[in-house]
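Peer 1:
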Amino acid sequence: MTTVEKVPATSYQQFMPADRPVQYLAPDGTGVDSAARYAHPSNERLLEMYRSMVHGRRFDQQATALTKQGRLAVYPSSRGQEACQIAAALCLGEQDWMFPTYRDSMALAARGVDQVELLGMLAGYWHCGYDPTAYKVAPQCTPLATQLLHATGFAYAEAKQGRDTIALAFCGDGATSEGDFHEALNFAAVFRAPVIFLVQNNGFAISVPLARQTAAPS
78 MTTVEKVPAT SYQQFMPADR PVQYLAPDGT GVDSAARYAH PSNERLLEMY RSMVHGRRFD
138 QQATALTKQG RLAVYPSSRG QEACQIAAAL CLGEQDWMFP TYRDSMALAA RGVDQVELLG
198 MLAGYWHCGY DPTAYKVAPQ CTPLATQLLH ATGFAYAEAK QGRDTIALAF CGDGATSEGD
258 FHEALNFAAV FRAPVIFLVQ NNGFAISVPL ARQTAAPS
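Positions 78 to 295 (this note's numbering) are the ones given, in order, by the sequence shown.
1. Which class does isoleucine 273 belong to by DSSP, given the choice of helix, strand or coil?
2. Is threonine 107 helix, strand or coil by DSSP?
3. Is it true that the CB of aspartate 173 sits closer than 8 Å to the CB of threonine 229?
4. Quick check on aspartate 137: buried or exposed, where buried means 16 or more other Cβ atoms within 10 Å of its Cβ?
5. Could you check if isoleucine 163 is buried or exposed, using at least 16 other CB atoms within 10 Å of its CB as the buried criterion?
6. If you follow the beta strand (DSSP E) that alanine 246 is in, where does it begin and where does it stop?
7. Let me make sure I understand the geometry here. Which of Cys168, Ala186 and Pro177 has the alpha-carbon closest to that of methionine 132?
8. Would valine 285 and glycine 256 be called neighbours here (beta carbons separated by less than 8 Å)?
9. Which runs of the alpha helix (DSSP H) fall wholly inside the region 184-220 and span at least 4 residues, in chain order?
10. Determine the DSSP secondary structure at valine 99, reduced to helix, strand or coil.
11. Compare the Cα-Cα distances from proline 118 to each of Arg156, Leu167 and Arg97 and report the closest residue.
12. Could you give the DSSP three-state label for alanine 142: helix, strand or coil?
13. So tyrosine 211 and phenylalanine 231 are in contact, right, with Cβ under 8 Å, and what is the actual spacing, rounded?
14. Under DSSP, the alpha helix (DSSP H) around glutamate 171 begins and ends at which residues?
15. According to DSSP, what are the bridge partners of phenylalanine 281?
16. To the nearest angstrom, how far is the alpha carbon of glutamate 293 from that of proline 220?
17. Run through DSSP, which three-state label would threonine 291 get?
18. With which residues is threonine 178 paired in a DSSP beta bridge?
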């Protein structure tokens, strides 16, 4: 008779910096202490982030208006996701790379991508509008979740070459229903690729509510 040895399941806590989410603020805006061991951003840094959020919101409004005027091919709005995108972009080092989606224009602006160049892709230019190597930002990806595989492969290659590089991959809640999402996460976990997957849950995947995608609460 063949016996099967039961292997203990890996606890997700092994991959987390703490046993609960690390946050400075509760949903109601009050302070929490779960991030006490992490350095708090300086007032100057917070002001820089807020300024980027204001600029990002204004860019979003103008790009939306240009789309309605027929001067842009399409513009997927980032409104309401300013803090998430900008904070993530400003946390990266100069050597790190971003792999954004079509809805992450504010993150690109925070990374330093010229806003006129940023409008190039949205206007339908044959190229992405900006030089990815100049900003270390991959072209904005329109198909859902494909950029996650790009980020994982890039991060793995950088690690193999001994470089201290992190890849930040953006995606929405809809992308988590794609096979590419799960393949990228599994590859990154198995081969320890230095990639961060940032999922922005705005509640809708193009036109499908979150409750129709998954039974999970988040």
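Ideal Cβ placement from N, Cα and C applies to all residues, glycine included.
Peer 2: For this structure:
1. Correct three-state label for isoleucine 273: strand.
2. The three-state secondary structure of threonine 107, taken from DSSP, is coil.
3. No. Outside cutoff.
4. Buried, because 16 or more other Cβ atoms sit within 10 Å of the Cβ of aspartate 137.
5. With a 10 Å radius around the Cβ and a threshold of 16 neighbouring Cβ atoms, isoleucine 163 comes out buried.
6. From DSSP, the beta strand (DSSP E) with alanine 246 extends over 244-249.
7. This sequence places histidine at residue 132; methionine is not what is there. It is Ala186 whose Cα lies nearest to the Cα of histidine 132.
8. Not a contact, by the Cβ cut-off of 8 Å.
9. Entirely contained in the region 184-220, the alpha helix (DSSP H) runs reaching 4 residues are, in chain order, 192-199 and 209-212.
10. In the three-state reduction of the DSSP assignment, valine 99 falls in the coil class.
11. Shortest Cα-Cα distance from proline 118 to any of Arg156, Leu167 and Arg97 involves Leu167.
12. DSSP, reduced to helix, strand and coil, places alanine 142 within a helical segment of the structure shown.
13. It should be pointed out that residue 211 corresponds to alanine in this sequence rather than to tyrosine. The beta carbons of alanine 211 and phenylalanine 231 sit about 16 Å from each other, so the pair does not count as a contact at 8 Å.
14. In the DSSP annotation of this structure, glutamate 171 is not part of any alpha helix (DSSP H), being labelled neither H nor E.
15. The partner list for phenylalanine 281 (beta bridge, DSSP) reads Pro286.
16. Before going further, note that residue 293 is alanine rather than glutamate in the sequence given. Roughly 24 Å between the two C-alpha positions.
17. In the structure shown, threonine 291 sits in coil (DSSP, three-state: anything other than H, G, I, E or B).
18. Beta-bridge annotation (DSSP): threonine 178 is paired with Cys218.
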